[in-house]
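**Student:** Counting the sequence shown from 1 gives a position; my numbering is that position plus 33. Ideal Cβ positions, reconstructed from N, Cα and C, are used throughout, including at glycine. Bear in mind that the values here come from a model prediction, so they are computed numbers and not experimental data.
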Amino acid sequence: MLEPAYQADVVIVGAGVAGLSAAHRLTSAGVTTAVLEAAPYPGGRMSTEKIDGFRLDRIGQLLSTAYPDLRLTPSLDTLALRPFAPGVLLHSDGRRHRAGAWARPMSARRTRGALHAVRALASAPRAASVRGVPGQTSLPRVRASAPLGTAVDQARLGAALARLAASPVERLLARPELPAAQALAARGVPARTIDGFLRPLLAALLCDPDLTTSSRCADLALRTFMSGRLCVPEGGAEALPELLARTLPPGTVHTGVRVTSIATTSVTTAEHGEIRCRAVLLATDARTAAELLPGLRVPDFHPVTVVHHTTDEPPTTGASLLLDADRGGPVAHTAVISQVDPSRTPAGRALISSTVLGTPPPDIDTAVRMHLARLYGTSTARWETLAVHHTPEAVPAMRPPHDLRRPVRLLAGLYVCGDHRDTSTVQGALHSAHRAATAILTDLGAAGSLHRAEPLRAAA
Ligand SMILES: Cc1cc2nc3c(=O)[nH]c(=O)nc-3n(C[C@H](O)[C@H](O)[C@H](O)COP(=O)(O)OP(=O)(O)OC[C@H]3O[C@@H](n4cnc5c(N)ncnc54)[C@H](O)[C@@H]3O)c2cc1C
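#1: Shorter than 7 Å, the distance from the beta carbon of Leu-69 to the closest heavy atom of ligand 1, or not?
#2: In the DSSP assignment, find the unbroken alpha helix (DSSP H) run with Glu-203 in it and report its ends.
#3: Take Val-337 as the anchor and find which of Val-286, Thr-424 and Ile-397 has the nearest alpha-carbon.
#4: Anyone know if the C-beta pair for Thr-106 and Thr-285 falls short of 8 Å?
#5: So who's on the other strand from Phe-334, going by DSSP bridges?
#6: Heavy atom of ligand 1 less than 7 Å from the Cβ of Met-431, yes or no?
#7: Cα separation between Ala-365 and Arg-196?
#8: Using a threshold of 8 Å, state whether the C-beta atoms of Ala-238 and Met-79 are closer than that.
#9: Can you give, in chain order, each stretch of the alpha helix (DSSP H) that sits fully within the segment 34 to 73 and has at least 4 residues?
#10: What does the alpha-carbon distance come out to for the pair Val-292 and Asp-333?
#11: The alpha helix (DSSP H) with Val-222 in it runs from where to where?
#12: For my contact list, Ser-108 and Leu-277 are in at a C-beta cut-off of 8 Å; report their separation, rounded to the angstrom.
#13: Does Leu-238 come out as helix, strand or coil in the three-state DSSP assignment?
#14: Measure the Cβ-Cβ separation of Glu-70 and Gly-86 and say whether it is below 8 Å.
#15: Taking buried to mean at least 16 other C-beta atoms within 10 Å of its own C-beta, is Ala-224 buried or exposed?
#16: Following the continuous alpha helix (DSSP H) through Ile-370, name the residue where it begins and the one where it ends.
#17: Comparing C-alpha positions only, which one of Asp-345, Val-449 and Asp-398 sits nearest to Ala-472?
See the structure below:
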């Protein structure tokens, strides 16, 4: 329980990955920090439901070993990541084709030592660990013809993606900005390459089936795809915020505390009255942030539904991410997630997790089962539905013009972070937290020594 008179240098509102990551940077610098979280547990959108020995995520399954802030965030260096098989499987015309494994594959030797793998990919001092890499491959790996067009189309696509992966981020951000679908067509990419590969891949990476996202964000997503491996945290999405929360100084995170108003030198809570501090960092979702700070922009959101099934006879796709290039049903992407991360299921059971983008159909379970039967080429009649998680405001839309570095310092003493200030991904949430913590440390350092209760000066 918080004492009503509790004081901290910084109060952070919200214990999602952004708030927790900012707390790490602040406490590491000696700044006393209190993280107030309305829910009974930390993690925000990265929560994992436990049912009968299954660990079921709310979010889609797509992190990347190339997210820089997974390596650069204090304490995440021990996070275990489970990679998908290289590239993706595309379902087209009743057949499955592997594609998109042009990225530099990790050698078996490198992946054996957990820390080495991501270091080899990124040459970074901090590294998340990658465990178990089924299905090694060699370059180039494009066996398919149907969804990717002719051999010449495939060679062009491979070369274009390799150029994208090698381009500095600043160069990508200087390109003209259009909705992604328009930009792909304007660049002369053949329609079959767009529809057969880029559209389903980008839809999955951006949670945007219509590709209305800024082409700059789409380029960044493809660059990340080419530079690393798609992966999931071992044990469920919540492993990431749990690790952050667990490695903070004891007593930093206070759950079940809802903030009802904020100022530069205090927050008011529903349960514990006013809490005084020297700076406030708002780390909630975009809608709550705008309620607490009228004037902040509320973006549109992409709704996402994740459906979890179990069976004792797993489909034969291994640890691959399977995309539907035909758009023949509601499922955008699906995976036998127990093949990627066996720790999410009880022994002898397979877990199939499938993502539906946009407004879900009325009888979603029936529609998803019928679609999955075609995608996996097997009957799903005996599959058991474990959960259907629908999040109407899952991912902030990033339509052009999209500001990838929305300000995090509103005035001295008042800061905001979260995926809505950056890119709408875990990487964006972590990076916005990094920026906000840096701004706070600069301001607190300039305002005088830490751990004093006097209020900050008014903003200039
Ligand atoms: C279905 C779905 C699929 C996704 N797929 C992907 C993906 O494939 N790849 C990817 O990178 N990202 C994906 N994301 C996005 C990713 O989950 C988010 O970008 C990230 O978790 C955002 O973290 P955050 O800390 O900014 O916000 P949140 O996780 O929303 O955290 C905000 C916290 O603030 C708390 N809070 C709110 N109001 C108050 C209040 N008044 N007082 C106190 N606390 C409050 C909330 O309870 C919450 O814990 C997906 C998200 C969803 C929902």
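**Tutor:** Result, derived from the coordinates:
#1: Working through the sequence shown from its first residue, we reach residue 69 at position 36. Yes, Cβ of Leu-69 sits closer than 7 Å to a heavy atom of ligand 1.
#2: Here residue 203 corresponds to residue number 170 of the sequence shown, with the count starting at 1. Start and end: 202 to 206.
#3: For the purposes of this step, residue 337 is taken as residue 304 along the sequence shown, with counting starting at 1. If we check each option's Cα against that of Val-337, Thr-424 comes out closest.
#4: If you number the sequence shown from 1, residue 106 lands on position 73. If you number the sequence shown from 1, residue 285 lands on position 252. No. Outside cutoff.
#5: For the purposes of this step, residue 334 is taken as residue 301 along the sequence shown, with counting starting at 1. BP columns for Phe-334 point to Pro-429.
#6: Taking the first residue of the sequence shown as position 1, residue 431 is located at position 398. Result no, Cβ not under 7 Å from ligand 1.
#7: Counted from its first residue, the sequence shown places residue 365 at position 332. Counted from its first residue, the sequence shown places residue 196 at position 163. When rounded, the distance between both Cα atoms is 27 Å.
#8: By 1-based counting over the sequence shown, the position of residue 238 is 205. By 1-based counting over the sequence shown, the position of residue 79 is 46. First, the residue type needs correcting, since residue 238 is Leu and not Ala in the sequence shown. Contact flag unset, no.
#9: Those alpha helix (DSSP H) runs which fall completely within the segment 34 to 73 and span 4+ residues are 50 to 61.
#10: Taking the sequence shown and counting its residues from 1, one reaches residue 292 at position 259. Taking the sequence shown and counting its residues from 1, one reaches residue 333 at position 300. Roughly 24 Å separates the two Cα atoms.
#11: As a first step, residue 222 must be located in the sequence shown, where it is residue number 189. Looking at the DSSP string, Val-222 is not in any alpha helix (DSSP H), and its letter there is neither H nor E.
#12: For the purposes of this step, residue 108 is taken as residue 75 along the sequence shown, with counting starting at 1. For the purposes of this step, residue 277 is taken as residue 244 along the sequence shown, with counting starting at 1. Rounded, the Cβ-Cβ distance is 6 Å, consistent with contact.
#13: Here residue 238 is taken as the residue at index 205 of the sequence shown, counted from 1. DSSP, reduced to helix, strand and coil, places Leu-238 within a helical segment of the structure shown.
#14: If you number the sequence shown from 1, residue 70 lands on position 37. If you number the sequence shown from 1, residue 86 lands on position 53. No, the pair does not count as a contact, with Cβ atoms beyond the cut-off.
#15: Within the sequence shown, numbered from 1, the residue matching residue 224 stands at position 191. The residue is exposed, with fewer than 16 neighbouring Cβ atoms inside 10 Å.
#16: Here residue 370 refers to the residue found at position 337 of the sequence shown. Element bounds for Ile-370: 370 to 373.
#17: Within the sequence shown, numbered from 1, the residue matching residue 472 stands at position 439. Here the closest residue by C-alpha is Val-449.
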